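The numbering used here puts the sequence shown at residues 1 to 187.
Just below is one structure, and these are the notes that go with it.
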Amino acid sequence: MVEYEELVSIGIIAIQALVKNKTTEQLEKYNKSYIGTAVRWAIRNELRNRYRWYSYKAAKSEGEETDSDSSEIDLAPEKIREGIYSTILSIDSISDASDNDSPFDFIKDTGALPDERLELVELSKAIKKAIASLPPKERTIVEYRFYRNLQIKDIATQVGLSSSRITRIVQAALNNIRQHLIDNDQI
1 MVEYEELVSI
11 GIIAIQALVK
21 NKTTEQLEKY
31 NKSYIGTAVR
41 WAIRNELRNR
51 YRWYSYKAAK
61 SEGEETDSDS
71 SEIDLAPEKI
81 REGIYSTILS
91 IDSISDASDN
101 DSPFDFIKDT
111 GALPDERLEL
121 VELSKAIKKA
131 IASLPPKERT
141 IVEYRFYRNL
151 QIKDIATQVG
161 LSSSRITRIV
171 QAALNNIRQH
181 LIDNDQI
């Protein structure tokens, strides 16, 4: 869905924004972990923005007749959601797969053992499956809360439920995800 070069560009822009107008003393305080986290969040935010754009475009095209060019593009919300989940969860695997000359080298957690990395990759796949197994209402609310970073009151307004009900649904979804992971011996 998103090219590797685009992710690198987003990361570089995030680093430039981070170091802009900083003194050398301030720059020395940044560690690899902080910079890596900033880059990951910049990439995730960009992916969320693109997801919103594609969702808007798909909703708009449902109301209009599509021509032959737009019918070739698969903009089903489920496909978009799946692509976003895959991309967000694969950001760490991009950094693992890169060579030594890559801008992602500073993101790598050199302190993590290969077994720990493998566990994280397996856990992220299991979380993705657990989210996919949620009922549609819970999955949508989890997406709004954790992937779009909407506040509880905003989700309540958008979905048409009370804030307390949204909180209970989020907690139930997290419990379901946790139980799914336990049942599959992931945690």
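Ideal Cβ placement from N, Cα and C applies to all residues, glycine included.
Note that this is a predicted model, so its numbers are computed, not measured.
Alpha-carbon spacing of residue i relative to residue j, whole angstroms
| i | j | result |
| --- | --- | --- |
| Leu134 | Asn176 | 7 Å |
| Asn21 | Lys153 | 36 Å |
| Thr140 | Leu7 | 26 Å |
| Glu119 | Ala126 | 10 Å |
| Glu46 | Glu25 | 30 Å |
| Arg117 | Lys128 | 17 Å |
Exposed unless 16 or more other CB atoms sit within 10 angstroms - verdict on residue i
| i | result |
| --- | --- |
| Arg145 | buried |
| Tyr4 | exposed |
| Ile166 | buried |
Nearest residue (CA-CA) to residue i, options the options
| i | options | result |
| --- | --- | --- |
| Ala132 | Leu181, Ala59, Asn45, Leu161 | Leu181 |
| Val19 | Ile35, Glu5, Ala173, Leu47 | Ile35 |
| Leu174 | Ala156, Glu138, Ile155 | Glu138 |
| Gln16 | Arg178, Val39, Asp183, Ala130 | Val39 |
| Ile10 | Leu150, Lys32, Arg50, Gln151 | Arg50 |
| Asn184 | Ala130, Arg52, Tyr30 | Ala130 |
Beta-carbon proximity of residue i to residue j, cut-off 8 Å
| i | j | result |
| --- | --- | --- |
| Arg48 | Arg148 | yes |
| Ala42 | Ala59 | no |
| Ser163 | Ala172 | no |
| Val142 | Val170 | yes |
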